[in-house]
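Participant: As given, the protein sequences belong to chains A and B, one line each in that order. Converting from the first sequence to this note's numbering requires adding 28 to each position, the first position being numbered 1. Converting from the second sequence to this note's numbering requires adding 28 to each position, the first position being numbered 1. Let me begin by handing over the structure; questions about it come next.
Number of protein chains: 2
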Amino acid sequence: MNFELSEGIAVLERTPQIVRSILDGLPSSWINADEGPDTWSPYVIIGHLIQGERTDWIERARIILVQGADRRFTPFDRFAQFRESEGKTLRDLLDEFASLRAANLDTLRDWRITEAQLELTGEHPAFGSVTLRQLLATWVAHDLGHIVQISRVMARQYRDAIGPWRAYLSVMGT
Amino acid sequence: MNFELSEGIAVLERTPQIVRSILDGLPSSWINADEGPDTWSPYVIIGHLIQGERTDWIERARIILVQGADRRFTPFDRFAQFRESEGKTLRDLLDEFASLRAANLDTLRDWRITEAQLELTGEHPAFGSVTLRQLLATWVAHDLGHIVQISRVMARQYRDAIGPWRAYLSVMGT
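Structural data, given as structure tokens:
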């Protein structure tokens, strides 16, 4: 698929409800499950999504749209959630994510971005020139990637519990 | 995690709302997207989940609980949805899945399964003796695996659209 703004927003606006429907009210054994050392639990992942709303996607889109002299993006801190989520319940995080996402989508819609603007560029710290279209498509794919991750982390808690069915469930990995 | 009935049910009862929150009202470009020949779209996957409710999980659990002379499971038809979903909208399928799942969880709860019953066995057509505990854990993991699949199929529609970010998003595959 090519990136179309309306199709992308259709996913972005659903993500808070999707993660809420997966996680809200679940026993903590699921919320805090991970895939081993240095892997993320659903709780950590929601904190990471919040950081993206606070510092990443909309800020980078704004840098591109403004087209100032310096269009370099601030590097994104992939570990800020370990500090920022401290003391918060999962419900706190789900609410915070939903409210930040709603505000960011209001901003995005208010910009009334044109097809021409989607081709404007900014400078990614690692791989240089990227278009607004690529940035917004990545926002959507990044959401979906973390929904994949949350569901996969949970599924793999039953890697042993499913016994011989493991051979049939590719989600368990090798 | 070991399989505990209450933790498993906590996931099983969420799945209809999870897939509804991902898919209901999305543009058909997302609903019908797949990963290439002989791969499944979100629409096909919901039909497959319905078949599991109709013919697989609860029926097999019943065979185990009854402990009759013949405890062999009927092989599951992984392709029935291509016939059974015909002419139905996605909304029809989401409603049908939710209603079948709710009824099956009523049945499961009414059985008041004991720890001892979780160790009873049936005969899987491919790999022989399996416990009720393994069957129920697989029901949960199977749900989560298909939530992974739906989200992954959708993410990969933007494999090209995200440009250089592809290097950062493992969900895109190699």
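Backbone N, C-alpha and C fix where the C-beta goes; we use that ideal spot for every residue, glycine too. Values in this document were obtained by computation on a predicted structure and should not be read as measured data.
Can you pull out the residues from the region 172-194 of chain A whose beta carbon lies closer than 7 Å to at least one beta carbon of chain B?
Facilitator: Residues passing the 7 Å Cβ filter: 172, 173, 175, 176, 179, 180, 182, 183, 185, 186, 189, 190, 191, 192 and 193.
Participant: How many angstroms separate the CA atom of residue 153(B) from the CA atom of residue 100(B)?
Facilitator: Translated into the one-based positions of the second sequence, residue 153(B) becomes position 125. Translated into the one-based positions of the second sequence, residue 100(B) becomes position 72. Residue 153(B) and residue 100(B): Cα-Cα distance of roughly 7 Å.
Participant: Rank 193(B), 185(B), 183(B) and 47(B) by C-alpha distance to the C-alpha of residue 158(A) and give the top, closest one.
Facilitator: If you number the first sequence from 1, residue 158(A) lands on position 130. Ranking 193(B), 185(B), 183(B) and 47(B) by Cα distance to residue 158(A) puts 193(B) first.
Participant: Could you tell me if residue 69(B) is buried or exposed, where buried requires 16 or more neighbouring beta carbons within 10 angstroms of its beta carbon?
Facilitator: As a first step, residue 69(B) must be located in the second sequence, where it is residue number 41. It counts as buried.
Participant: Sorry if obvious, but does the Cβ on residue 88(A) come closer than 7 Å to a heavy atom of the ligand COA?
Facilitator: Absence of the ligand COA is noted for the structure shown, with no ligands found whatsoever.
Participant: For chain A, find out if any of its Cβ atoms is closer than 8 Å to the Cβ of residue 55(B); answer yes or no.
Facilitator: Mapped onto the second sequence, residue 55(B) falls at position 27. Closer than 8 Å to some Cβ of chain A, the Cβ of residue 55(B) qualifies, so yes.
Participant: Can you tell me whether residue 119(B) is buried or exposed, with buried defined as 16 or more other CB within 10 angstroms of its CB?
Facilitator: The residue you call residue 119(B) lines up with position 91 of the second sequence. Exposed is the call here.
Participant: So, are the CB atoms of residue 163(B) and residue 89(B) less than 8 Å apart?
Facilitator: Stepping through the second sequence from its first residue, residue 163(B) is reached at position 135. Stepping through the second sequence from its first residue, residue 89(B) is reached at position 61. Cβ atoms of residue 163(B) and residue 89(B): closer than 8 Å.
Participant: Report the three-state DSSP secondary structure of residue 53(A) (helix, strand or coil).
Facilitator: Reading the first sequence from its first residue, position 25 is the one you call residue 53(A). If DSSP states are grouped into helix, strand and coil, residue 53(A) belongs with coil.
Participant: Here's the rule: buried if 16 or more other CB atoms are within 10 angstroms of the residue's CB, otherwise exposed. What is residue 179(A)?
Facilitator: Translated into the one-based positions of the first sequence, residue 179(A) becomes position 151. Residue 179(A) should be labelled buried.
Participant: Would you kindly work out how many angstroms separate the C-alpha atoms of residue 36(A) and residue 122(A), rounded to a whole number?
Facilitator: Position 8 of the first sequence, counted from the start, is the residue given in the question as residue 36(A). Position 94 of the first sequence, counted from the start, is the residue given in the question as residue 122(A). Computed Cα separation, rounded: 21 Å.
Participant: On the CB-based measure, 16 or more other CB atoms within 10 Å of its CB, does residue 199(A) come out buried or exposed?
Facilitator: In the first sequence, the residue the question calls residue 199(A) occupies position 171. Residue 199(A) should be labelled buried.
Participant: Tell me whether the region 53-66 of chain A and the region 52-65 of chain B touch, counting them as touching only if at least three CB pairs, one residue from each stretch, are closer than 8 Å.
Facilitator: Counting Cβ pairs under 8 Å, fewer than three are found: no touch.
Participant: Between which residues of its own chain and residue 73(B) is the CB-CB distance below 7 Å, once the five residues before and five after are set aside?
Facilitator: Residue 73(B) sits at position 45 when you count from the first residue of the second sequence. So the qualifying residues of the chain are 174, 177 and 178.
Participant: Which one of 71(A), 189(A) and 196(A) has the shortest CA to CA distance from residue 124(A)?
Facilitator: As a first step, residue 124(A) must be located in the first sequence, where it is residue number 96. Of the candidates 71(A), 189(A) and 196(A), the one whose C-alpha sits nearest the C-alpha of residue 124(A) is 71(A).
Participant: Within the same chain, show all residues whose beta-carbon is closer than 6 Å to that of residue 147(B), passing over the 5 residues directly before and after it, in chain order.
Facilitator: The count along the second sequence starts at 1 and reaches residue 147(B) at position 119. Short of 6 Å from the beta carbon of residue 147(B), and not among the five residues preceding or following it, lie these beta carbons of its own chain, in chain order: 159.
Participant: Between 117(A), 78(A), 165(A) and 83(A), which has its C-alpha nearest residue 30(A)'s C-alpha?
Facilitator: Numbered from its first residue, the first sequence carries residue 30(A) at position 2. Nearest of 117(A), 78(A), 165(A) and 83(A) to residue 30(A), Cα basis: 165(A).
Participant: In chain order, what residues of the same chain have a beta carbon less than 6 Å from the beta carbon of residue 78(A), not counting five sequence neighbours either side?
Facilitator: Looking up residue 78(A) in the first sequence gives position 50. If we look at residue 78(A) and ignore the five residues flanking it on each side, its Cβ neighbours are 124 and 125.
Participant: In the structure shown, what three-state DSSP assignment does residue 113(B) receive?
Facilitator: In the second sequence, residue 113(B) corresponds to position 85, counting from 1. Three-state result, residue 113(B): coil.
Participant: To the nearest angstrom, report how far apart residue 184(A) and residue 155(A) are at their CA atoms.
Facilitator: In the first sequence, counting from the first residue as 1, residue 184(A) sits at position 156. In the first sequence, counting from the first residue as 1, residue 155(A) sits at position 127. Approximately 33 Å, taken between the alpha carbons.
Participant: Check the Cβ-Cβ distances between residue 122(B) and every residue of chain A, and say whether any is below 8 Å.
Facilitator: Taking the second sequence and counting its residues from 1, one reaches residue 122(B) at position 94. Chain A, which has no Cβ nearer than 8 Å to the Cβ of residue 122(B), makes this no.
Participant: Please classify residue 132(A): is it buried, with 16 or more other beta-carbons within 10 angstroms of its beta-carbon, or exposed?
Facilitator: To locate residue 132(A), count along the first sequence from 1; it is residue 104. Looking at its Cβ environment, which holds 16 or more other Cβ atoms inside 10 Å, residue 132(A) is buried.
Participant: Return the residues of the region 137-151 of chain A that lie within a Cβ-Cβ distance of less than 9 Å from chain B, sorted by chain order.
Facilitator: none
Participant: From residue 80(A) to residue 151(A), what distance separates their C-alpha atoms?
Facilitator: Working through the first sequence from its first residue, we reach residue 80(A) at position 52. Working through the first sequence from its first residue, we reach residue 151(A) at position 123. Each residue's Cα considered, the two are about 17 Å apart.
Participant: Residue 168(B) versus chain A: which residues are under 7 Å apart at the beta carbon?
Facilitator: Numbered from 1 along the second sequence, position 140 holds the residue referred to as residue 168(B). By Cβ distance, chain A contributes 186.
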